[in-house]
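Participant: Structure below; questions to follow.
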Amino acid sequence: MAPKTPRVATDSSSSRDNDPVSSLNASIPSISDAPNQPNGDSVQQPRKLAYPLPAQISHSLLTNTESFLRLVTLLLISAAAIGSRLFAVIRFESVIHEFDPWFNYRASKVLVNDGFYEFWNWFDPTAWYPLGRVVGGTIYPGLMVTSGLIWNALRWMNMPVDIRNVCVMLAPGFAGLTAIATYLFTTEMSTPSAGLLAAAFIGIAPGYISRSVAGSYDNEAIAIFLLMSTFYFWIRALKLGSAFWGMLAALFYGWMVAAWGGYVFITNMIPLHAFVLILMGRFTQRLYLSYSSWYIIGTICSMQVPFVGFLPLRTSEHMAALGVFGLLQLVSFVEIVRRLVPGKQFQLLLRGFVVLAFVASFTVLVALTFSGWIAPWTGRFYSLWDTGYAKIHIPIIASVSEHQPTAWPSFFFDLGMLIFFFPAGLYWCFKDMRDEQVFIIIYAVLSSYFAGVMVRLMLVITPVVCVSAAIAYSKILETYIDPIIPQEDTDMDSTTTDGHSTPSKKASKKAAAAASNKPRSLFTGLLGKRSSFGVYGLDTRIIMVGTLSYFLFLWVHHCTFVTQTAYSSPSVVLASRNADGSQAIIDDFREAYYWLRQNTEKDAVVMSWWDYGYQIAGMADRPTLVDNNTWNNTHIATVGKAMSSNEDVAYPILRKHDVDYVLVIFGGLLGYSGDDINKFLWMVRIAQGVWPDEVQEPNYFTPRGEYAVGERATSTMKNSLMYKMSYYRFTELYGGQPAQDRVRGQRIPPGVTLDTLGKLFSKLKKQALSSDTLSPDEAFTSENWIVRIYQVKKEDPLGRDHKAVSAFESGKRLKKSRSAAGGGSKKKTV
Amino acid sequence: MYGPKWSSLSALFTLVSSLSSVNARSATGDRVLVVLEPKVVKEDYSKFWSSLEKRGFELTFKGPKDESAVLQRYGEALYDHLIMFTPSVKSYANGLSPKEVISAQFAGLNTLYLLSSNISEINRDTFREYDLEFAERDYTYLDAFSHSPGSSLAAPLLYPQSSLIKSGAVLSASTLTGGPIVFPGSTSFTLGQNPFLVEVAHGSKTGYVGENRLVDADEAEVEAGLGKRDAASTTGKKAGLVAAMQTRDNVRIGFVASGSMFSDEWWGTEVELSSPKNVAVPSGNAAFAEDLTKWIFQETGVVKVISTTHHRKGELEQRESYRIKDDLTFSISLAEHVTLPDGTSSWQGFETPDLQLEFTMLDPHIRTSLSVDPARSDSKQTTYSKTFKAPDRHGVFKFVVEYWRSGYSYISTSDTASVVPFRHDEYPRFILGAWPFYSSAISMSAAFLLFCGLWVAVGEGDRKGKKKAE
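In order, the protein sequences belong to chains L and F. So the first sequence is numbered by UniProt numbering: it starts at 1 and just counts up by one. So the second sequence is numbered by UniProt numbering: it starts at 1 and just counts up by one.
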């Protein structure tokens, strides 16, 4: 497949070479369509062409070929979008990736196996043990329902497909659809050729691929398609003033709400657009109609999702939409009254009334918020404005790597050259500022900010960057491919008023400056005789078009490279290189999860840090204490406390929660940096948030402020359960010598002991008693030591503590009785 | 000695024999290993051995350094009970090392330790694992006031009324009110905080622990000057003499500070009391020994859980999950192991007034008493049940019954069931509080219909009407 993908990519880039033709052809009708453009004569006039065009082709043939080519190109782009996302399947296998997708996959299995109503009412007793999770009411079901529908449709067509394959291929499939939606959206903004470019850009932009490779079965996989479709229908509704398109926008909005929590972006984006239009004095009946139909139907749709419920009426995030809806009613009412009642003063009064009503309702809103009727902004939202907020107040949010502020190189990494063309496209949007261009501008401004605040929101900026860059690109290409050579003697006024054909404007200026009668040579500039510049000759055209095409090739190359190296790793399976350059697959996660699945009781509770909760549930099918649905901070802090405390403190917590196995991720042997010791400080911080007296972050740092795990590690660090579980028996690999931790680059001294955890085995065949003795081993350690699993020991049958038990087991004799020594403390008899 | 086949066959045999309940009176098995140290003469205790054999136990005698003494082989226990009469042994055969013994105890080996005032270090260290601290070597439990006139201080008499402790089912009522117990050559211990340890007998008010030798005034002065040991390390009731431990897994372990109290010398004989003089009464040794071994070898005080069930009120089928606010019924059947007068044993119902049920998720959400359900109780079992309303809280709950009474087996059961919220179609459909919403929806629909009707009736062509409609 590796050789195939570039070919697909070149297909799409060659399709861009087709673009100029279509853009040329498309540009002619678009100019003639534009209002106030009396250029019917320009078509009839004999024009000077930079290169010959075939003349005998009929107009209908041209348009037919053009639309056919456009269709083929679009389909090829879709195919390329799907194809480039298949690296993960080909490199590894058809497997669900990462963390959240495992839950979505599990939920989808419940949906297709048990039916919709069971899914709707699904209470999962194995998650958040023992609290359980009301799954039906705490998820966005759109993704599972979508794949369930596809699965059922395929079955109905007598094509039984494993639900796993539906889940794996859902993201690429919807990426293909996203390309089409983006085409439609951009076509509304600009020309179809810009639409094709935008489709091609979004099809392979790494910023979007990062969330939608095959196997990345997450909400975002379908959300971007729904986002672009909703925006398209909204623009369409706004342009036509059509309740039908508004309803379509609302339905897709409803689907989006069911699919992704990021729907709030649309919920605020569309009202903001409407609000800005009102402020710009562009209130029209079209706006009123489209917005009202979108808001009413969309809100009703969104309230059908149990997880959302009455949020659209009760939370600050949704108040903008409601407020603009109210404002539109007011403005519309005033417009009607204004039409009926003449008189300037009265109109002023009306305007004042609108402002007053707006202010009054805003005050009511604030009052409701403070009185508690409307929930204030959530912490997640605050962290968008103050990037330090989450770290202080909600460490769980801050602990997620994808919630960190974006580093600047990732803009170039994820968007490549598009980031340069993005402002240029906005410039053209400003120049040609119809209602829909306003939308693009608002979208660009908002998403630029959000993308800078959170890595995760790179996903939101990607579509607008693609659209905007495509507009810029197609404008430049149009300018340089348009074969018409500007006439020097053309009427300057007619061309300068032509707001669309900037090249001809420029050219005409140059032409006016140049001598009028001289015969035009084929070349201009350096090669030609004249030192003027402008789009006259083929040389500038070839240089510009060549450069731009080269950029496109580079871009495709960059995207392919980024996709295959950075974004196609399933993260449940790791790849590394052997010394001879061949690929080595590190499959420790699945090894460990399947060990759990096959060697432990069905109801054995596994404790791990929350990152691995979904994977354990999905792959090992065992109850977990906490998982990636981080709804209960206290429960997570409990796990954090158990991990960061010493054994005496941790053991009662483990027993209280019926924990049978504890799982840690340890990368020290292999150099896998995403391990639990590196996440450990977050466990400490989260635990500290709930138990500030018992867990203190400074205790885990050396006096010099280092995060040390070697010789200089603090005693709190060395006694913590996490440290012990990670490094237990690690030095045995090095023959008892200090062991090298390859992640931290520190030497681990020997002498890590564990009393309460280990591996239980029964000496007798009968299992009835809890009389299993402890062997000094851990229960399981995967091949590369990435996953280590420990079994929690039961209380000692004789009532000793575990330290005493291990001392006895290791042959030490007790020289002093624990509590009976001295003969003083006599136990009270019962 | 046995191959695995033989041992499993013998296990099968014991199973069959226990089912037929001819001989076996123990709830767990009959095979007893007796380990005697060389100093102990087996024949001196013949009455004790024969009493055990009469109760159906098969005794095997071994020495402490006998390498053929193995407690477990190929994952099978070779013995069900163990009597360790090895107080002064300094080292053991591999199969009898403290580690092996404790590990066998984890697997169900009931053990009786018979001791003397001469306890070796290895035993002392081992007993510390049970949280027992023994008196120093050669320190003996003495009582200058309460011993037979003919015997020494070191053979004191323990009166059941003052020295034995009524700890549940360990000692029978007749022993607790019976004759005095001769307790010769005994060491003593103090008990630690271990909750599984129960003291069965302790010293009398006049007893003390010290060296059994006469010290004249000069010697005492010299020893005091040298800072030697106190004359008495422990006095009165603080001197523990017999202790019983029931581990978390209901394995029973007994510690008798004087092994020689089981000797034939005092077995069923009469003892002369110190006061009133010249009165001889039957000694309580035999009765005490029988009671203690019956308890340790799982003949008395053995309670088992036959079954636990939970279901919705009005149903019989057990479910994995219940809904919040469901009425749930939980029941548990208990039986106690009893020995009938004819020497056979069987299971009977076990009645207790204070059994409790906890409905727990992290913490008990409901704690309620369980009462006897006569309809489902018979001679073989007693069934307790309770119906209660599930809390308005979803999650994974456990029906927990914990019953820890000294002398009886610990009852500890836990059944898991999840409590789930209402399904989407289980909520009440029409509620009073929602009428404002219903009425607004209905009135809105009606108004819309009216509006449409007016619109159609007045006509689109009429501009005036259209404007009014707007």
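Every residue, glycine too, gets a C-beta built ideally from N, C-alpha and C. Because the structure is a prediction, the values reported are computed rather than measured.
Drop a sphere of 10 angstroms on the beta-carbon of K816(L), count the other beta-carbons inside from all chains shown, and report buried for 16 or more, exposed for fewer.
Facilitator: Classification for K816(L): exposed.
Participant: For W408(L) versus K475(L), is the C-beta spacing smaller than 8 Å?
Facilitator: No, Cβ-Cβ distance for W408(L) and K475(L) is not below 8 Å.
Participant: When you compare the region 124-132 of chain L with the region 622-631 of chain L, are there three or more beta-carbon pairs, one atom per stretch, that lie closer than 8 Å?
Facilitator: Contact between the region 124-132 of chain L and the region 622-631 of chain L is present, because at least three Cβ pairs lie under 8 Å.
Participant: Is D587(L) helix, strand or coil when you go by DSSP?
Facilitator: In the structure shown, D587(L) sits in coil (DSSP, three-state: anything other than H, G, I, E or B).
Participant: List the residues of chain L that T300(F) touches, going by C-beta distances under 8 Å, in chain order.
Facilitator: What T300(F) touches in chain L: nothing, since even the nearest Cβ is about 17 Å away.
Participant: Please tell me whether G142(L) has its Cβ less than 8 Å away from any Cβ of chain F.
Facilitator: No, because no Cβ of chain F sits closer than 8 Å to the Cβ of G142(L).
Participant: Using the beta-carbon of each residue, which ones in chain L are nearer than 8 Å to S321(F)?
Facilitator: F123, P125, listed in chain order.
Participant: Taking C-beta to C-beta, are M256(L) and A205(L) nearer than 8 Å?
Facilitator: No, Cβ-Cβ distance for M256(L) and A205(L) is not below 8 Å.
Participant: What separation, rounded to the nearest whole angstrom, lies between the Cα atoms of residue 835(L) and A259(L)?
Facilitator: This structure gives no information on residue 835(L), because the portion of chain L shown stretches from 1 to 830.
Participant: Where does R124(F) sit, in a helix, a strand or coil, going by DSSP?
Facilitator: Helix, per DSSP.
Participant: Using a C-beta to C-beta distance shorter than 7 Å, which residues of chain L count as neighbours of Y130(F)?
Facilitator: In chain order: L798.
Participant: Could you list the residues in the region 593-616 of chain L with a C-beta less than 8 Å from some C-beta on chain F, going in chain order?
Facilitator: Under the 8 Å Cβ criterion, the region 593-616 of chain L contributes D603.
Participant: Just confirm the distance between the C-beta atoms of A135(F) and V182(F), as a whole number of angstroms; I'd bet it's less than 8 Å.
Facilitator: About 19 Å separates the two Cβ atoms, so there is no contact after all.
Participant: Can you pull the chain F neighbours of F116(L), defined as C-beta to C-beta under 9 Å?
Facilitator: Chain F residues near F116(L): none, gap ~11 Å exceeds 9 Å.
Participant: At a Cβ cut of 7 Å, what residues of the region 109-129 of chain F count as close to chain L, listed as they run along the chain?
Facilitator: So the list reads D125, R128, E129, given in the order they occur along the chain.
Participant: Assuming T382(F) and G349(F) form a contact by the criterion Cβ under 8 Å, report the distance between their Cβ atoms to the nearest whole angstrom.
Facilitator: Right, the Cβ-Cβ distance comes to about 4 Å (below 8 Å), so this counts as a contact.
Participant: So, is the C-beta of V134(L) closer than 8 Å to a C-beta in chain F?
Facilitator: Cβ-Cβ to chain F under 8 Å: yes for V134(L).
Participant: Identify whether V35(F) lies in helix, strand or coil by the three-state DSSP scheme.
Facilitator: Of the three classes helix, strand and coil, the one that applies to V35(F) here is strand, per DSSP.
Participant: Once you ignore the five residues that flank E601(L) on each side, which residues in its own chain have a CB closer than 8 Å to its CB?
Facilitator: Contacts found: D660.
Participant: Could you list which residues in chain L have their beta carbon closer than 7 Å to that of V396(F), in chain order?
Facilitator: By Cβ distance, chain L contributes P125, Y129, P130, G132.
Participant: Can you give, in chain order, each stretch of the beta strand (DSSP E) that sits fully within the region 699-759 of chain L and has at least 3 residues?
Facilitator: Listed in chain order, the complete beta strand (DSSP E) runs (minimum 3 residues) inside the region 699-759 of chain L are 739-741, 746-748.
Participant: I'd like to know if the region 369-389 of chain L and the region 422-438 of chain L are in contact, where contact means that at least 3 CB-CB pairs between them fall below 8 Å.
Facilitator: Contact fails: fewer than three Cβ-Cβ distances are below 8 Å.
Participant: Of all Cβ atoms in chain F, is any one closer than 8 Å to the Cβ of R813(L)?
Facilitator: Output row for R813(L): interface = yes.
Participant: Could you confirm whether any beta carbon from chain L is found closer than 8 Å to the beta carbon of E133(F)?
Facilitator: Taking Cβ atoms only, chain L reaches closer than 8 Å to E133(F), which makes this a yes.
Participant: Name, in chain order, the residues that DSSP records as bridge partners for R252(F).
Facilitator: Paired residue(s): Q246(F).
Participant: DSSP beta-bridge partners for M607(L)?
Facilitator: DSSP output for M607(L) lists V662(L) as bridge partner(s).
Participant: How about V251(F) and V242(F): are their beta carbons less than 8 Å apart?
Facilitator: Going by C-beta atoms, V251(F) is not nearer than 8 Å to V242(F).
Participant: For chain F, is any of its Cβ atoms less than 8 Å away from the one on K656(L)?
Facilitator: With 8 Å as the cut-off, K656(L) counts as an interface residue toward chain F.
Participant: Would you list the residues sitting across from N110(F) in a DSSP beta bridge?
Facilitator: H81(F).
Participant: Please state the DSSP three-state secondary structure of M361(F).
Facilitator: M361(F): strand per DSSP, three-state reduction.
Participant: Report yes if the C-beta of A153(L) is less than 7 Å from at least one heavy atom of the ligand COA; otherwise report no.
Facilitator: Of ligands this structure carries none, so the ligand COA is not represented either.
Participant: Given this structure, state the Cα-to-Cα distance separating G343(L) from I300(L), to the nearest angstrom.
Facilitator: For G343(L) and I300(L), the distance between alpha carbons rounds to 40 Å.
Participant: If we cut at 8 Å on Cβ distances, does E795(L) have a partner in chain F?
Facilitator: At least one chain F Cβ lies under 8 Å of E795(L).
Participant: Would you tell me roughly how many angstroms separate the C-alpha atoms of A169(F) and E697(L), rounded to the nearest one?
Facilitator: Using only the alpha carbons, I get a separation of about 53 Å.
Participant: Give the straight-line distance between the Cα atoms of V305(F) and D373(F), rounded to the nearest whole angstrom.
Facilitator: Cα to Cα, the separation comes out at about 15 Å.
Participant: Thinking just about the alpha-carbon of each residue, which of A217(F), K47(F), A286(F) is nearest to the one in V271(F)?
Facilitator: Nearest C-alpha to V271(F): A286(F).
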